[in-house]
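In this text, residue positions in the sequence shown follow UniProt numbering: the first is 1, and each later residue adds one.
Each residue gets a CB set at the ideal place from its N, CA and C atoms; glycine is no exception.
Keep in mind it's a predicted model, so treat the numbers as computed, not measured.
Please read the structure below before turning to the comments.
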Amino acid sequence: MARTHAKGCDIFVDQYDFSGISNSVDISIANGVADVTAFSDASLTYVEGKPKTSITLNALYQTTEDAAMFADLGSATDNYLSISPIAMAEGGIVWVTKAQCTADVIPAPVGDAVALNTTWVGTDPIGDGIILLRRTAHLGSLTATGTGYQVGAVSATQKIVATLHVIGVTNGTTLDVTVESDATDAWIGAETTRLTFTQVTTSATVEIKNANGAITDTWWRSVGVAGG
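So this is what it looks like as structure tokens:
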């Protein structure tokens, strides 16, 4: 079977790319199970609780990232984390969650590199997603159309969720990103725009969008249009 090495792991925290300074990440997923066994029960009985996610991110100290994490620590607001074991390659797996920073530790022992270690507690269950579009260079005034991927339909009790991480912005430009679906991989005019992110203008940002089902289309792609 296929095996994955973490040497290409990419980590985004909001509008910050931690990939270049991180050296380990630990994702813990648990589901609280309560014992509700009564004397009359023939066997042990349990009820399932709410899922819990915790993430530990170990990195090498950098001033910009430390300032951002320290601000997150005191903000008591949600941050958006996206972690990919295959370097955020399009069509590959990505784990996404909303979380709050609960610790920002800077170990600095004599003779060792100064570290920047953070701990996060998820405020939403972690999601197992797919990377629809990634660009590492400025688009200029071009349109970037992602490949279509057969992710599947969305039932009436489900919803689609997409996260946009913008790591850098060039002054005077704009970026519009959408998520589209289609019944086939044709993309010849029958596609439907399902999500539209807020136009990016002056600063790096992160945004999450969602939409309810039911959606019978099974093919999905993302489109980014740059202007200015």
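Range of the contiguous beta strand (DSSP E) that encloses residue i
i       : result
Phe-12  : 10 to 13
Asn-212 : 205 to 212
Val-110 : Unbroken run through Val-110: none, as it is neither H nor E.
Leu-164 : 159 to 166
Leu-81  : 79 to 84
Asp-217 : Unbroken run through Asp-217: none, as it is neither H nor E.
Ile-130 : 127 to 130
Span separating the alpha-carbon of residue i from that of residue j
i           : j       : result
Val-96      : Ser-82  : 4 Å
Val-151     : Thr-178 : 16 Å
Ala-59      : Gly-189 : 45 Å
residue 235 : Ile-21  : In this structure the chain extends from 1 to 228, so residue 235 is not present and cannot be described.
Leu-132     : Ala-108 : 39 Å
residue 248 : Met-69  : Nothing about residue 248 can be read from this structure; the chain reaches only from 1 to 228.
Asn-31      : Ala-76  : 23 Å
Val-94      : Trp-187 : 24 Å
Gly-74      : Ala-204 : 21 Å
Val-25      : Asn-212 : 32 Å
Thr-63      : Ala-38  : 55 Å
Thr-4       : Val-105 : 29 Å
Ser-54      : Val-36  : 26 Å
Lys-209     : Lys-98  : 12 Å
Thr-174     : Leu-142 : 11 Å
Asp-217     : Ala-156 : 13 Å
Thr-119     : Lys-7   : 21 Å
Ala-103     : Asp-66  : 12 Å
Thr-45      : Ala-87  : 42 Å
Sheet register partners of residue i (DSSP bridge)
i       : result
Leu-60  : Ala-115
Leu-195 : Val-179
Glu-48  : Val-33
Gly-122 : Ala-99
Gly-74  : Gly-74 pairs with nothing; no bridge assigned.
Thr-143 : Val-225
Asp-41  : Note: Asp-41 sits in no beta bridge, so no partner.
Ser-28  : Ser-54
Thr-136 : Beta-bridge pairing links Thr-136 to no other residue.
Val-94  : Gly-129
Integer Cβ distance of residue i from residue j, believed to fall under 8 Å
i           : j       : result
Val-206     : Thr-163 : 7 Å
Gly-146     : Val-223 : 7 Å
Ile-167     : Leu-195 : No, Ile-167 and Leu-195 are not in contact; Cβ-Cβ is about 20 Å, not under 8 Å.
Ser-84      : Asp-10  : 5 Å
Cys-101     : Asp-124 : Wrong, their Cβ atoms sit about 15 Å apart, outside the cutoff.
Arg-134     : Glu-90  : 6 Å
residue 248 : Thr-202 : Because residue 248 is not part of the residues shown, which for the chain are 1 to 228, the question remains open.
Closer than 7 Å: residue i CB and nearest the ligand MN heavy atom
i       : result
Thr-202 : Within the structure as shown, the ligand MN is missing, as the structure has no ligands at all.
On the three-pair Cβ rule with 8 Å, is the stretch 110 to 117 touching the stretch 49 to 63? yes
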